[in-house]
Amino acid sequence: MNHSTVKPLSVTDLSSMKQRGEKISCLTAYDASFSALIDHVGIDIMLVGDSLGMTIQGHDTTLPVTITDMIYHTQCVSRARKRTFIIADLPFMSYPTPIAAAENAAKLIQLGGAQMIKLEGAKSNIVSFLVEQGIPVCGHLGLLPQHINQLGNYTVQGKNTVEAEKILADAYQLEQSGAALLVLECIPAQLAKAISMKLSIPVIGIGAGIDCDGQVLVLQDVLNIGITKRPRFSKDFMRQAENIESAISAYHQAVKQAQFPTNDHSF
Ligand code: KIV
Numbered sequence: 017m018n019h020s021t022v023k024p025l026s027v028t029d030l031s032s033m034k035q036r037g038e039k040i041s042c043l044t045a046y047d048a049s050f051s052a053l054i055d056h057v058g059i060d061i062m063l064v065g066d067s068l069g070m071t072i073q074g075h076d077t078t079l080p081v082t083i084t085d086m087i088y089h090t091q092c093v094s095r096a097r098k099r100t101f102i103i104a105d106l107p108f109m110s111y112p113t114p115i116a117a118a119e120n121a122a123k124l125i126q127l128g129g130a131q132m133i134k135l136e137g138a139k140s141n142i143v144s145f146l147v148e149q150g151i152p153v154c155g156h157l158g159l160l161p162q163h164i165n166q167l168g169n170y171t172v173q174g175k176n177t178v179e180a181e182k183i184l185a186d187a188y189q190l191e192q193s194g195a196a197l198l199v200l201e202c203i204p205a206q207l208a209k210a211i212s213m214k215l216s217i218p219v220i221g222i223g224a225g226i227d228c229d230g231q232v233l234v235l236q237d238v239l240n241i242g243i244t245k246r247p248r249f250s251k252d253f254m255r256q257a258e259n260i261e262s263a264i265s266a267y268h269q270a271v272k273q274a275q276f277p278t279n280d281h282s283f
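According to my numbering, the sequence shown is numbered sequentially starting from 17.
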């Protein structure tokens, strides 16, 4: 049990950050050692992402990740955390119906120690059902890695007007359904800016430009230790750092001071 006097950030703390224009830093985490380090550095949110299927398990996609995997890694992360807010991903096919979503989200919260769950796509009916049960939800629009077999490749979404208008409308609908946070992955910076301005909830971008309310990256990309090619929208913060802690700290500072991402990391 965590007897620390430091209180974890809450969903209302994140909302206040958006209201006062403070950028929100978010990084993926999958184990206790990195959780402790990321928490110590002061990152606002740790995302136990299903990207662990690629970064930790060595799969080509996130699709093989199970709810049991997600519970295990969320437990590892939450044991070592003091202040940082924890979001855990609902993995592929763990939310085909509102009931299944609620049962699996409850496991991530009750067994894993997550404070919020994230799910991919414009699934407003599932979001509103979870919110009714008292489960805080983070939406995820733009590039949806759990849809890779339909998409064919990991590419920028929302480049034409029809697609862009759909993403904007879906974002608004998710907020109306009660989502408390939204991740936008790999969309044009101008579209992400319009969404961030339209919504009252914090919008966290990855490959979505500087005007989002916060940024998230995959830990292995920040440290340049991934086993696959680092995406263009990420940055190797190890290059100018003395050690892992200073690389994570440099990422945190760059997000807080709106120095990351630059145009080189945006679309
Ligand atoms: O699984 C993950 O790490 C994610 C981020 C890329 C946003 O969903």
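Every residue gets a Cβ at the ideal spot worked out from N, C-alpha and C, and that includes glycine. None of the values given here were measured: they were computed from a predicted structure.
Excluding its 5 nearest sequence neighbours in each direction, S282 has C-beta neighbours in its own chain below 6 Å: A205, G225, listed in chain order.
Rounded to the nearest angstrom, the Cβ distance from I217 to L198 is 6 Å, consistent with a contact under 8 Å. Relative to the non-hydrogen atoms of the ligand KIV, the Cβ of H163 never comes closer than 7 Å to any of them.
Excluding the 5 residues flanking it on each side, I72 has same chain C-beta neighbours closer than 6 Å at Y46, in chain order. Going by DSSP, F101 is part of the beta strand (DSSP E) stretching over 101 to 105.
For T77, the closest alpha carbon among the candidates A118, I243, T113 is that of I243. Distances from the CB of G137 to the heavy atoms of the ligand KIV are all 7 Å or more.
The set of residues with CB atoms less than 7 Å from any heavy atom of the ligand KIV reads, in chain order, T44, L63, G65, D66, S67, T78, D105, K134, H156, P161, V199, E201, I222, V232, V234.
In this structure S265 touches V57 by the C-beta definition: roughly 5 Å separates them, less than 8 Å. Bounds of the beta strand (DSSP E) holding M132 are 132 to 134. Bridge partners of T44 according to DSSP: L63.
The shortest CA-to-CA distance from Q35 to any of E181, L215, Y170 is the one to L215. Taken in chain order, the unbroken stretches of beta strand (DSSP E) that lie wholly in the stretch 184 to 217 and span 3 residues or more are 197 to 201.
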